[in-house]
Amino acid sequence: MNVEELSGLPPGAIDHFREDGIEELYPPQAEAVEAGATEGENLVAAVPTASGKTMIAALSMLSAIERGGKALYIVPLRALASEKKEEFEAYEQFGVTVGVATGNYESTSDWLATKDIVVATSEKVDSLVRNGADWLSDLTCVVSDEIHLIDDRERGPTLEVTLAKLRRLNPGMQQVALSATVGNADEIAGWLDAELIDTDWRPIDLKMGVHYGNALNFDDGSTREVPVEGSEKQEAALVRDILQEGGSSLVFVNSRRNAEAAARRLGQVSREELTADERAELAELAAEIRDDSDTETSTDLADCVERGSAFHHAGLSSTQRSLVEDAFRDRLLKVISATPTLAAGVNTPARRVIVRDWRRFDPSAGGMAPLDVLEVHQMMGRAGRPGLDPYGEAVLLAKGHDESQELFDRYVWADPEPVRSKLAAEPALRTHVLATIASGFARTREGLLEFLEATLYASQSGESGRLAAVTDDVLAYLERNDFIEREPPRGSGRSSGGPRERDGDDPADGAFTSAADLADQSEEDEELEATSLGHTVSRLYLDPMSAADIVHGLESADDRPTALGLYQLVSRTPDMYELYLRSGEDEQFGELYYEREAELLGDAPSEFEEDRFEDWLAALKTSKLLEDWAREDDEERITERYKIGPGDLRGKVDTAEWLLGAAESLAQEIDSEWTVAVREARARVEHGVSEELLELVSVGGVGRKRARRLYERGIEEPADLRSADKGVVLDALKGEKTAENILENAGREDPSMDGIEPAGGEAGNDGSEASGSEATKTASERTEDGEPDDSQSSLGDF
DNA sequence: GTAGCAAGTGTCTAGACAGCATGTC
DNA sequence: CTAGACACTTGCTAC
Numbered sequence: 001m002n003v004e005e006l007s008g009l010p011p012g013a014i015d016h017f018r019e020d021g022i023e024e025l026y027p028p029q030a031e032a033v034e035a036g037a038t039e040g041e042n043l044v045a046a047v048p049t050a051s052g053k054t055m056i057a058a059l060s061m062l063s064a065i066e067r068g069g070k071a072l073y074i075v076p077l078r079a080l081a082s083e084k085k086e087e088f089e090a091y092e093q094f095g096v097t098v099g100v101a102t103g104n105y106e107s108t109s110d111w112l113a114t115k116d117i118v119v120a121t122s123e124k125v126d127s128l129v130r131n132g133a134d135w136l137s138d139l140t141c142v143v144s145d146e147i148h149l150i151d152d153r154e155r156g157p158t159l160e161v162t163l164a165k166l167r168r169l170n171p172g173m174q175q176v177a178l179s180a181t182v183g184n185a186d187e188i189a190g191w192l193d194a195e196l197i198d199t200d201w202r203p204i205d206l207k208m209g210v211h212y213g214n215a216l217n218f219d220d221g222s223t224r225e226v227p228v229e230g231s232e233k234q235e236a237a238l239v240r241d242i243l244q245e246g247g248s249s250l251v252f253v254n255s256r257r258n259a260e261a262a263a264r265r266l267g268q269v270s271r272e273e274l275t276a277d278e279r280a281e282l283a284e285l286a287a288e289i290r291d292d293s294d295t296e297t298s299t300d301l302a303d304c305v306e307r308g309s310a311f312h313h314a315g316l317s318s319t320q321r322s323l324v325e326d327a328f329r330d331r332l333l334k335v336i337s338a339t340p341t342l343a344a345g346v347n348t349p350a351r352r353v354i355v356r357d358w359r360r361f362d363p364s365a366g367g368m369a370p371l372d373v374l375e376v377h378q379m380m381g382r383a384g385r386p387g388l389d390p391y392g393e394a395v396l397l398a399k400g401h402d403e404s405q406e407l408f409d410r411y412v413w414a415d416p417e418p419v420r421s422k423l424a425a426e427p428a429l430r431t432h433v434l435a436t437i438a439s440g441f442a443r444t445r446e447g448l449l450e451f452l453e454a455t456l457y458a459s460q461s462g463e464s465g466r467l468a469a470v471t472d473d474v475l476a477y478l479e480r481n482d483f484i485e486r487e488p489p490r491g492s493g494r495s496s497g498g499p500r501e502r503d504g505d506d507p508a509d510g511a512f513t514s515a516a517d518l519a520d521q522s523e524e525d526e527e528l529e530a531t532s533l534g535h536t537v538s539r540l541y542l543d544p545m546s547a548a549d550i551v552h553g554l555e556s557a558d559d560r561p562t563a564l565g566l567y568q569l570v571s572r573t574p575d576m577y578e579l580y581l582r583s584g585e586d587e588q589f590g591e592l593y594y595e596r597e598a599e600l601l602g603d604a605p606s607e608f609e610e611d612r613f614e615d616w617l618a619a620l621k622t623s624k625l626l627e628d629w630a631r632e633d634d635e636e637r638i639t640e641r642y643k644i645g646p647g648d649l650r651g652k653v654d655t656a657e658w659l660l661g662a663a664e665s666l667a668q669e670i671d672s673e674w675t676v677a678v679r680e681a682r683a684r685v686e687h688g689v690s691e692e693l694l695e696l697v698s699v700g701g702v703g704r705k706r707a708r709r710l711y712e713r714g715i716e717e718p719a720d721l722r723s724a725d726k727g728v729v730l731d732a733l734k735g736e737k738t739a740e741n742i743l744e745n746a747g748r749e750d751p752s753m754d755g756i757e758p759a760g761g762e763a764g765n766d767g768s769e770a771s772g773s774e775a776t777k778t779a780s781e782r783t784e785d786g787e788p789d790d791s792q793s794s795l796g797d798f
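Going by full-length UniProt numbering, the residue at position 592 of the first sequence is 592; the numbering climbs one at a time, nothing skipped.
Next up, the structure:
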């Protein structure tokens with residue numbers, strides 16, 4: 001089918017596609033159009049990665065917009081949200097507007113309301129539903145990308161429930177679901193009342209094979225000689241082999257350490273094939289990486305990059321990740337060894353994909369467990385760059401003949417697993433049952449069960465017994481913790497009351513009144529209603545269990561909680577991913593625990609309950625990390641001390657910021673006297689500063705480093721910036737431009753630095769030696785009152 | 001004495017969404 | 001039912 005034959009798209013769209021080099025639709029795309037993609041029909045497209053799924057979505061969304069509607073594109077990752085946004089922004093030339101909504105990415109709901117296409121993560125959509133964004137009921141087309149992630153234990157239920165809610169809000173809307181090829185795409189299509197497009201078609205051929213000994217055997221029967229020389233590893237031989245033909249490779253391994261070690265070794269291979277120009281460009285890239293963060297991870301990565309290889313995992317900072325991805329896409333980097341981050345993330349195709357490790361440590365399995373077929377196929381699907389490679393190759397590595405055979409059977413010939421809903425797990429239901437009640441989608445137990453009937457889980461399981469049983473457990477939990485109340489049935493004359501407003505007199509609750517009215521209101525049933533606390537928890541997007549922990553912790557505090565106490569409180573919450581205790585650290589943190597026991601909120605588990613006590617210490621470790629951060633320790637020092645990467649540190653700080661923000665709202669909600677303490681702890685984590693710098697850091701352009709330098713020179717609050725000697729300010733802030741900018745932000749009348757010389761430094765003031773040593777002293781060697789503190793430095797440096 | 005290597009032993013394990021309101025060095 | 005790569009240490013040999 002030619003693009004010219006498409007109808008129902010906004011004027012200009014077809015020209016745009018043609019300019020983009022698109023003339024003929026791929027077969028799956030043509031199939032989608034025939035199935036009614038441009039006419040508002042529901043579709044499930046289960047097709048391989050990189051075979052034009054986005055185009056199917058685009059055709060659906062654009063035609064929906066042309067009919068006067070509005071489209072939502074749901075993605076699993078923030079990085080994908082920005083990738084898709086950029087892709088769709090090309091449509092602005094023919095008048096289609098695009099907005100993004102993720103947790104850390106701009107945008108008010110009002111602003112999103114004006115956009116034709118909104119790209120958002122599934123959690124963000126869920127959050128928007130909970131917060132009652134009006135525009136959600138204007139949607140006429142919803143696309144769910146990577147819908148097979150519904151199978152994911154943690155995040156799948158969110159997608160599932162959110163889709164069910166969106167369908168309820170907009171009964172007639174078009175649903176388009178994009179999936180990897182999975183075992184049961186037909187079931188998903190059945191659930192969504194959608195036409196199914198299920199095909200293995202790819203724009204470039206994919207040859208799958210297994211390397212063993214000196215031979216690479218492919219699924220099409222062909223063989224390629226790839227000898228392994230001397231003590232080198234199989235992957236090294238395979239990378240060299242394809243690199244000599246000008247092809248890049250992607251190596252998937254099962255741990256960060258393996259990724260780093262492999263990248264180091266593969267650098268020996270890639271450096272052999274570099275041109276002088278490439279060497280120069282790589283040196284620049286390496287410098288950029290070193291510049292981004294001063295950590296061991298950065299140095300190691302930069303050392304690899306100079307040789308044309310790189311590793312990729314979640315310990316990298318987001319800047320480093322995109323630097324690596326971009327350079328690989330530009331064919332500057334020849335090989336990346338990666339953990340699964342790269343399989344699910346943004347598009348980074350390679351000529352040859354090598355799946356080195358097909359087993360991964362899984363404590364619940366008691367050892368190494370084989371990866372899912374779906375996951376291995378996702379990695380393999382990264383092989384083949386459209387327009388650049390004649391075909392893609394995906395290779396598994398076997399050490400023996402038997403293993404080779406096993407890999408063919410297990411992964412090459414095998415079909416991916418079916419997608420199974422994980423909704424009936426208690427943690428998932430705990431969250432979603434509360435949200436469903438709080439946002440008015442159900443107001444009785446029966447209404448709740450009826451709502452859950454619209455999920456994939458129900459359509460898969462057939463019997464609702466288990467779901468009902470878990471729901472009852474969850475309801476009991478929510479009631480026990482004062483998140484919901486059960487009320488005896490009332491007469492049918494009762495005003496509906498805002499489903500999200502506890503002070504029930506607000507009758508109009510915007511778009512959601514209709515949703516609420518749909519809820520079953522049988523007069524016999526007792527009513528379920530979210531308490532004010534329950535509404536808050538739902539809107540804050542907290543796991544109710546986290547909220548309960550926080551509330552109990554705050555209530556148990558007799559004295560003003562310290563920052564460490566609050567950090568530990570949020571760190572032990574299910575919403576904070578645990579930092580894990582290394583060998584010997586149980587003792588170190590056990591010691592720290594006895595030292596600071598009094599600061600911790602709530603009751604510690606007994607030491608005889610080993611697992612729970614260890615979790616408690618792991619949370620203490622996380623909170624110590626946060627305290628170090630809020631004490632102005634350097635990134636380098638923290639990453640080294642906790643053996644983590646810059647990306648992990650950012651992640652922990654981000655999560656803590658979010659949870660402490662939520663804790664502040666909860667503190668207010670329960671009228672805790674510690675609200676201010678929580679706010680301050682949150683601000684300290686947000687900016688990474690000690691208490692005395694909080695004021696300074698509120699000035700635009702002043703962060704933890706600059707604030708410290710100003711403070712050391714006697715400028716202790718924003719008002720001082722307005723009166724301070726400019727020379728001193730300039731000395732603290734270096735660049736004139738920066739200094740002027742900051743003075744302006746502080747509200748100084750005349751911020752100009754013209755003709756000002758930096759003051760201080762060696763010259764003048766009271767003893768340059770004393771001030772110098774004060775300046776170089778790391779913050780951890782200071783205590784709140786400025787005295788040196790022996791106990792901290794001995795405890796601090798493990 | 002020491003370089004170089006084989007064998008033995010201990011360690012440790014993927015990822016990443018969310019509130020709210022704006023901006024580090 | 002279920003681990004295995006890496007990094008570091010020790011021990012041996014050959015000069």
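All C-beta atoms, glycine included, are put in the ideal place defined by N, C-alpha and C.
Asked: Nearest-angstrom Cβ-Cβ length linking Val119 and Lys85, presumed shorter than 8 angstroms; Found: 5 angstroms
Asked: Pick from Arg290, Ser231, Asp277, Asp300 that is closest to Ala261, judged by C-alpha positions; Found: Asp300
Asked: Identity of the residues DSSP links to Glu529 by a beta bridge; Found: Glu485
Asked: Proximity winner among Glu529, Ile289, Ile14, relative to Ser317 (alpha-carbon distances); Found: Ile289
Asked: For Asn170 and Ala383, the rounded distance between their alpha carbons; Found: 39 angstroms
Asked: Cβ shell of Arg612 (< 7 angstroms), same chain only, five flanking positions each side left out; Found: Pro605
Asked: DSSP-derived helix/strand/coil call for Glu195; Found: strand
Asked: Proximity below 7 angstroms, CB of Leu407 to CB of Ala394; Found: no
Asked: 7 angstroms Cβ cutoff met for Glu485 and Glu526; Found: no
Asked: Runs of beta strand (DSSP E) lying entirely within the region 536-562, each at least 3 residues, in chain order; Found: none
Asked: Asp205 (DSSP reduced to helix, strand or coil); Found: strand
Asked: Cβ pair residue 802, Val699 closer than 7 angstroms; Found: Residue 802 lies beyond the range of the chain shown here (1 to 798); nothing can be said about it.
Asked: Nearest neighbour of Thr573, chosen from Ala476, Asp549, Glu595 [CA to CA]; Found: Asp549
Asked: Continuous alpha helix (DSSP H) assignments of at least 4 residues falling wholly in the region 36-96; Found: 53-66, 78-89
Asked: Check whether Leu178 and Ala45 have beta carbons under 7 angstroms apart; Found: yes
Asked: Alpha-carbon spacing of Arg500 relative to His535, whole angstroms; Found: Any answer about Arg500 is weak, because its pLDDT of 41 lies below 50 and its placement is not dependable; what the coordinates show is given next. Near 7 angstroms, if we compare the C-alpha coordinates of His535 and Arg500.
Asked: Host alpha helix (DSSP H) of His377 (start-end); Found: 373-380
Asked: Euclidean distance between Cα positions of Gly735 and Asp389; Found: 48 angstroms
Asked: 4-residue-minimum alpha helix (DSSP H) runs that sit fully inside the region 581-633, ordered along the chain; Found: 585-596, 610-629
Asked: Any 3 or more C-beta pairs closer than 8 angstroms across the region 138-145 and the region 53-62; Found: yes
Asked: Cα-Cα separation between Asp628 and Lys621, rounded to whole angstroms; Found: 10 angstroms
Asked: Rounded separation between Ser752 and Gly727 - CA only; Found: 11 angstroms
Asked: Three-state class that DSSP yields for Ser179 in the structure shown; Found: strand
Asked: 4-residue-minimum alpha helix (DSSP H) runs that sit fully inside the region 372-443, ordered along the chain; Found: 373-380, 401-407, 426-438
Asked: Test item: CB-CB of Phe252 and Ala338 under 7 angstroms; Found: yes
Asked: Short Cβ contact (7 angstroms threshold) for Asp200 with Val419; Found: no
Asked: C-alpha distance - Tyr541 paired with Ser293, whole-angstrom precision; Found: 31 angstroms
Asked: 7 angstroms Cβ cutoff met for Glu24 and Asn2; Found: yes
Asked: For His16, the first and last residue of its enclosing alpha helix (DSSP H); Found: 13-19
Asked: Whole alpha helix (DSSP H) elements within the region 299-330, 4-residue minimum; Found: 318-329
Asked: Segment contact flag, the region 644-651 with the region 307-323, C-beta cutoff 8 angstroms, min 3 pairs; Found: yes
Asked: Pair within 7 angstroms by beta-carbon distance, Leu475 and Pro416; Found: no
Asked: Thr455 beta carbon less than 7 angstroms from that of Leu423; Found: yes
Asked: Thr162 versus Ser439: straight-line alpha-carbon distance, rounded; Found: 12 angstroms
Asked: Close beta carbons around Glu160, own chain, < 8 angstroms, minus the five adjacent residues each side; Found: Ile150, Ser421, Leu423, Thr455, Leu456, Tyr457
Asked: Cβ pair Arg713, Ala739 closer than 7 angstroms; Found: no
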